[in-house]
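Here's the structure, in structure tokens; my notes come after.
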Amino acid sequence: MDPSYAREYRDLAVRHWWWRARNARVRDHAARLLDGRRDARMLDIGCGDGVLFPFLSAFGTVEGIEPDPLTVTPDGPWRDAIHLRPFDETFAPDARYDLILMLDVLEHLDAPEAALRHASALLAPGGRMLITVPAFELLWTHHDDVNRHVTRFTRGTLAAVAKAAGLEVVRGEYLFQWLFGAKLIERARERLLGPAPLPTVPAAPVNEALFRISVAEARLGGRFLPFGSTVLAILAAPAR
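The sequence shown runs contiguously to residue 618 in the working numbering.
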């Protein structure tokens, strides 16, 4: 991640409408998957500063992996639960996880299949993975360049990568349908006028309105509409 962007990342993750809406949908799914448990083991890969940890910790024990130290507050409340290291086969915990999150991680990787395969090996029996990735190559903008993305996915291409890693899609849906058109306009604008500035938190009324629109849209139609700017998927390992 671009260093100047990484330093602003925690504030964006806490206050910006897009991160708040994505995380709201993630919380909805995680709560259903964990179903009131208090003894679950959870791993958040690419966790940043652990913004979701207060929510997840209500279900059990949560830890994270974050390869970019600029996104982690050195004296933050969850620092001891975050492994500052890459996620690769040298990460070998002593127990498996009931829920693994990879939120906007796979698009950064040259070999997403390998990362999913290793994550699959860390799932406990009956465990699930909760994934989000940016959707559709035609929505590529300067924001993808700044974030050092390698690719954008569709439900189909993400399902193919998951299958190659030995996983199956339990549920797949698109988020931010309304943003699809806005991203197309942004892409066209960038071609004419050059890159847009990095995201900032809008004025409070606008920020709150966009958050509410995005949350309502996700809960009403994301599973059924064939487009959006983000893919969310729940993955499982086939019964062994």
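The beta carbon of each residue, even a glycine, is placed where N, CA and C say it ideally should be.
Residue i (DSSP reduced to helix, strand or coil)
i: ARG506; result: strand
i: HIS527; result: coil
i: VAL609; result: strand
i: TRP486; result: Note that residue 486 is His in the sequence shown, not Trp. Of the three classes helix, strand and coil, the one that applies to HIS486 here is helix, per DSSP.
i: PRO512; result: strand
i: ARG415; result: coil
i: ASP458; result: helix
i: PHE439; result: Looking at the sequence provided, one finds Thr at residue 439 rather than Phe. Strand at THR439.
i: ASP422; result: strand
i: ASP446; result: coil
i: VAL547; result: strand
i: ALA614; result: strand
i: ASP466; result: coil
Inter-residue spacing [alpha-carbon to alpha-carbon] between residue i and residue j
i: ARG416; j: ALA399; result: 25 Å
i: ALA581; j: TYR387; result: 18 Å
i: PHE469; j: LEU462; result: 11 Å
i: VAL450; j: TRP456; result: 9 Å
i: ILE423; j: LEU481; result: 7 Å
i: LEU588; j: GLU441; result: 30 Å
i: PRO583; j: PRO616; result: 45 Å
i: ALA537; j: LEU494; result: 11 Å
i: ASP543; j: PRO490; result: Note that residue 543 is Ala in the sequence shown here, rather than Asp. Each residue's alpha carbon lies about 9 Å from the other.
i: VAL609; j: LEU603; result: 11 Å
i: PRO432; j: PHE554; result: 25 Å
i: LYS541; j: VAL548; result: 12 Å
i: LEU479; j: LEU434; result: 11 Å
i: GLY454; j: PRO512; result: 28 Å
Contacts around residue i, its chain only, beta-carbon distance under 6 Å, and the 5 residues preceding and following it disregarded
i: LEU500; result: ARG474, TYR475
i: GLY550; result: ARG533, ALA611
i: ALA492; result: none
i: VAL539; result: PRO490, GLU491
Nonlocal neighbours in the same chain, by C-beta distance under 8 Å from residue i, ignoring five residues either side
i: ASP488; result: VAL528
i: ARG393; result: VAL579, ASN585
Best match in the options for proximity to residue i [C-alpha to C-alpha]
i: THR578; options: LEU536, GLY550, PHE554, HIS521; result: HIS521
i: GLU467; options: ASP482, SER498, ASP458, LEU479; result: SER498
i: PRO503; options: TRP556, ASP389, ALA614; result: ALA614
i: ASN401; options: CYS425, LEU430, PHE437; result: LEU430
i: GLU444; options: PHE437, ALA492, PRO452; result: PRO452
Nonlocal neighbours in the same chain, by C-beta distance under 7 Å from residue i, ignoring five residues either side
i: LEU477; result: ALA408, LEU411, LEU412, ALA418, MET420, GLY505, ARG506, LEU508
Along the chain, which unbroken stretches of the beta strand (DSSP E) at least 3 residues long are found entirely within the segment 542-604? 546-553
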